[in-house]
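Notes for the one structure printed next.
There are 2 protein chains.
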Amino acid sequence: MKYLITGISGFVGAHIVRQLLPQGHTVIGVDLAMPVGLPKAVVSYQMSLMDAVALKDVIVRVRPDRIIHLASASSVGYSWEKPVDCFVNNTNIFLNLVEAVRSSDIKCRILSVGSSEEYGPVAPTDVPLKEERPSDPMSPYAVARVAQEHLSKVYARGYGLDIVCTRSFNHLGAGQTDRFVISSFVRQAVEVSKGLRPKITCGSLDIVRDFVDVRDVVRAYEMVLDKGISGEIYNVCSGRGVSLREVLEVICRKVGIPFEFTQDAHLIRPIDNPVIVGSNEKLMKLGFALSYDLEHAIDDLVSWWKTKI
Amino acid sequence: MKYLITGISGFVGAHIVRQLLPQGHTVIGVDLAMPVGLPKAVVSYQMSLMDAVALKDVIVRVRPDRIIHLASASSVGYSWEKPVDCFVNNTNIFLNLVEAVRSSDIKCRILSVGSSEEYGPVAPTDVPLKEERPSDPMSPYAVARVAQEHLSKVYARGYGLDIVCTRSFNHLGAGQTDRFVISSFVRQAVEVSKGLRPKITCGSLDIVRDFVDVRDVVRAYEMVLDKGISGEIYNVCSGRGVSLREVLEVICRKVGIPFEFTQDAHLIRPIDNPVIVGSNEKLMKLGFALSYDLEHAIDDLVSWWKTKI
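Top to bottom, those sequences are chains X and D. Numbering-wise (the working numbering), the first sequence opens with residue 1 and increments by one. Numbering-wise (the working numbering), the second sequence opens with residue 1 and increments by one.
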């Protein structure tokens, strides 16, 4: 099958390539950044998805069977600093993508990747979060993701496009930047183990999140593309809540350093959900099963950071 | 007080001006189109709200106390034909507006006008629709309106902007284009009365809507600006459902022609809500009361079309 991957140069893009190529699929990528380190079999176009004409050109030339839309300005923090940039680089690029498909005669299935941030403020009684719970976005990023999901439904129901959606929870794995909390912990732990810093610095360790190994995330994406129903939304999550304290303990054990840390008040967000855990029941009903637990995921991240430091 | 009105050249804009000027307020307008027939006291800027720099220049120069954001590509039908245009000319222009206010030091209250379309498919048990019912947008236009409302909440809660929102139901009154159903009925009825056409042509007359006189709409907007709570949403509606059949009967009686019509299958939308009626309880709690009933509204529209034909 022929896959077009937007945002192929990112963390998840690399794992998608590793998932799809060995199965004999053709993989074509587009990204703002020139992809580094991808196998030669992957053809990539360097372009902005804000350029609707160029995007349509690529889609019409490639004629993909499937599009996995990973491209996104995906940081909540950045979205507060640059709300317009965030909105345009999420919702408007998605709109350009679906419009390019609609206005050509290409029959392809599109995966629209969303976020658990769409749920907004989560009460303890709301977890595990199910897909039917109304969204209540509380950051510019979350607003953009909800709009993308609403557009997916409208393009699926109204124009007959074949679009399946996810709400993806926190993922982790090799290649993840240390702007994300777990990758930052692992990096710091490896640095402590090499005597490069005295202790790990962190924010609140009490918050509970639902972490998925990125290798399971890309397997789930393929499963949703294989078996998902057009216009439907699927949580991609482990279904299990883990506190950051628990995660940090595992990391320290894996790296072989004492469980010690310094808390920095600046790293504690003024408003944050104490607990976010998703239900993956709907995904499981498609036939999906997780292959990697938290220990596996952290092993992979530790090995990767060890090669970097 | 100093008001800035976006989309001042439109149907509602003219009524806002008529509402505000006699109270001694200063009214400044911006619009894509050059306003025609506005009183000389109203200064207008002709510009696109997509031009973020020009928009901010105007806002900084004017330093309004209140902004009423009427500018919108507000046709559901058009949004299906030109989804990207519709989205950009609703959500992105609103984003430019709130970003201009956020990035300057201007303290002003903004009225974000939304639509009953945001509710989406409405079951008979859902009416009268209350503001807390989850939105489920089913057209590109409705998606754009929901995104605008979500952005309003995020800018209000996250950046402390003072924004109040409405979900406005069908309005009618003098100056309304015949792209809207009731204005089209009145125009046709006046034409029948003058022997310019044999009969009124219409689609389904069974659908039930909640109609508000535009003069009450602009009074409600002022009330929401006076007393509404920042970040909150207020339905602007009559709270009463009326079938198009009932409306057409009133129109024929007012114009003095027999109640006769031809139904055109092309005018019947394939998917449409049979009944949309809102609850105006929240608006009433601010101290609002309707001043014009359907008969008044139709009188006004009939008089206006009589001057045109």
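Built from N, CA and C at the ideal position, the CB exists for glycine as well. Predicted model only: the values in this text are computed from it and were never measured.
- Judged by DSSP in its simplified three-state form, leucine 294(D) adopts helix.
- For leucine 244(X), no CB of chain D lies under 8 Å from its own CB, so it is not counted at the interface with that chain.
- Beta-bridge annotation (DSSP): tyrosine 45(X) is paired with Val30(X).
- Sequence-ordered contacts of the stretch 35-59 of chain X with chain D are nonexistent [C-beta pairs closer than 7 Å].
- In this structure, DSSP gives arginine 66(D) an extended state, which the three-state scheme calls strand.
- Only exposed fits glutamate 81(D), as fewer than 16 other CB atoms lie within 10 angstroms of its CB.
- Under the Cβ criterion of 8 Å, glycine 114(D) is not counted among the residues facing chain X.
- For tyrosine 234(D), there is no enclosing alpha helix (DSSP H); the enclosing beta strand (DSSP E) has its first and last residue at 233-236.
- Contact between the stretch 180-187 of chain X and the stretch 246-255 of chain X is established, with three or more Cβ pairs separated by less than 8 Å.
- With the rule of 3 Cβ pairs closer than 8 Å, the stretch 170-181 of chain X does not count as touching the stretch 117-129 of chain X.
- Between the stretch 138-153 of chain D and the stretch 212-229 of chain D there are fewer than three C-beta pairs closer than 8 Å, too few to call the two in contact.
- Taking C-beta separations shorter than 7 Å and ignoring five residues to either side along the sequence, the partners of isoleucine 93(D) in its chain run Leu49, Met50, Ala71, following chain order.
- For alanine 265(D), the closest of Tyr221(D), Thr201(D), Asn273(D) by C-alpha to C-alpha distance is Thr201(D).
- When DSSP states are grouped into helix, strand and coil, isoleucine 200(X) belongs to the strand group.
- If you look at lysine 254(D), you'll find it in the alpha helix (DSSP H) that goes 244-255.
- For phenylalanine 259(X), the closest alpha carbon among the candidates Ala33(X), Val192(X), Leu38(X), Gly24(X) is that of Val192(X).
- Secondary structure note for tyrosine 141(X): its alpha helix (DSSP H) is the uninterrupted segment 140-159.
- With a 10 Å radius around the Cβ and a threshold of 16 neighbouring Cβ atoms, leucine 283(X) comes out buried.
- Ranked by Cα distance from proline 140(D), the first of Met34(D), Ser75(D), Val277(D), Arg109(D) is Ser75(D).
- DSSP places leucine 111(X) in the uninterrupted beta strand (DSSP E) bounded by 109-115.
- For glutamine 263(D), there is no enclosing alpha helix (DSSP H); the enclosing beta strand (DSSP E) has its first and last residue at 261-263.
- With a threshold of 16 other beta carbon atoms within 10 Å, isoleucine 298(X) meets it and is buried.
- Distance check between isoleucine 309(D) and each of Val36(D), Glu281(D), Lys194(D), Ala289(D) places Lys194(D) closest, using alpha-carbon atoms only.
- Under the three-state reduction of DSSP output, arginine 102(D) falls in the helix class.
- In the three-state reduction of the DSSP assignment, arginine 187(D) falls in the helix class, which pools H, G and I.
- Using a CB distance below 9 Å, the part of the stretch 143-159 of chain D facing chain X consists of Val143, Ala144, Val146, Ala147, His150, Leu151, Lys153, Val154, Tyr155, Arg157, Gly158, Tyr159, ordered along the chain.
- When the Cα atoms are used, leucine 21(D) and phenylalanine 87(D) turn out to be separated by approximately 32 Å.
- Contact of glutamate 81(X) with chain D by beta-carbon distance below 7 Å is absent, the smallest such distance being about 11 Å.
- For the stretch 124-141 of chain D, the set of residues with a beta-carbon nearer than 9 Å to any beta-carbon of chain X comprises Pro134, Ser135, Asp136, Pro137, Met138, Ser139, Pro140, in chain order.
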